[in-house]
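Structure first, commentary second.
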Amino acid sequence: MKTMQKGFTLIELMIVVAIIGILAAVAIPAYQDYIARSQVTEAVNLTAGTKAPMAEFFQNTGNVASLTDIGATTTGKYVQSMTVASNGTNGWVVSATMRNTGVNVNIQGGIFAIATSDGGSTWSCGSVGDAGSVTTITGPYLPSSCK
Numbered sequence: 003m004k005t006m007q008k009g010f011t012l013i014e015l016m017i018v019v020a021i022i023g024i025l026a027a028v029a030i031p032a033y034q035d036y037i038a039r040s041q042v043t044e045a046v047n048l049t050a051g052t053k054a055p056m057a058e059f060f061q062n063t064g065n066v067a068s069l070t071d072i073g074a075t076t077t078g079k080y081v082q083s084m085t086v087a088s089n090g091t092n093g094w095v096v097s098a099t100m101r102n103t104g105v106n107v108n109i110q111g112g113i114f115a116i117a118t119s120d121g122g123s124t125w126s127c128g129s130v131g132d133a134g135s136v137t138t139i140t141g142p143y144l145p146s147s148c149k
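For the record, in the sequence shown the residue sitting at position 14 is 16 according to the numbering used here, with numbers rising by one throughout.
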């Protein structure tokens, strides 16, 4: 009588290890990109939170507000600082600079910006419109509306 084989052969185990290695080689870079995008989201949210207060301040005073004027949060876990710069008569650019440590290497020290040129009625972000001249974070890490 023949006995049935029990367990796995060495070649079967090696094939499984190779498959796991291939899957990991694909999954790890995709996960790193996901992490970077989620970290950029903090900059998107912090800058977006300034839109309405900045526009209201401009409409009431005719001047571009500072971040202090509107009581904006200027730092976060991944965002090192935020700034406002005048951009023409009725415009300004709000930019957020990412930290140099504790963030994905692809966005370290990068800048995300939103901009308006009509007193805050319409905005552009990321590499689109007036914000494009300030933003240094590349397309894969920006929200789809800002590419």
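Think of the CB as a built atom: it goes at the ideal place given N, C-alpha and C, for glycine as much as any other residue. Computed from a prediction, not measured in an experiment: that's the story for all the values here.
The beta strand (DSSP E) that contains residue i, what's its start and end?
i: Q82; result: 81-88
Mind checking who residue i pairs with in its DSSP beta bridge?
i: S126; result: A117
Quick check on the DSSP output: the alpha helix (DSSP H) that includes residue i runs from which residue to which?
i: M16; result: 12-50
i: Q61; result: 53-63
Does the beta-carbon distance from residue i to residue j come in below 8 Å?
i: A133; j: S126; result: yes
i: P145; j: V81; result: no
i: A115; j: T140; result: no
i: A38; j: N89; result: no
i: I74; j: G93; result: Looking at the sequence provided, one finds Ala at residue 74 rather than Ile. No, the pair does not count as a contact, with Cβ atoms beyond the cut-off.
i: S97; j: I72; result: no
i: N106; j: Q41; result: yes
i: T99; j: S119; result: no
i: G78; j: E44; result: yes
Is residue i helix, strand or coil when you go by DSSP?
i: F98; result: Per the sequence presented here, residue 98 reads as Ala, with Phe not at that position. The answer is strand: DSSP assigns A98 an E or B state.
i: A133; result: helix
i: G141; result: helix
i: S147; result: helix
Compare the C-beta of residue i with all C-beta atoms of chain C and state if any pair is closer than 8 Å.
i: N62; result: No chain C is present in this structure, which holds just one protein chain.
Query raised in the report: Are at least three pairs of beta-carbons, each pair with one atom in the region 23-37 and one in the region 60-72, less than 8 Å apart?
Result: Counting C-beta pairs closer than 8 Å gives fewer than three between the region 23-37 and the region 60-72, which falls short of the contact rule.
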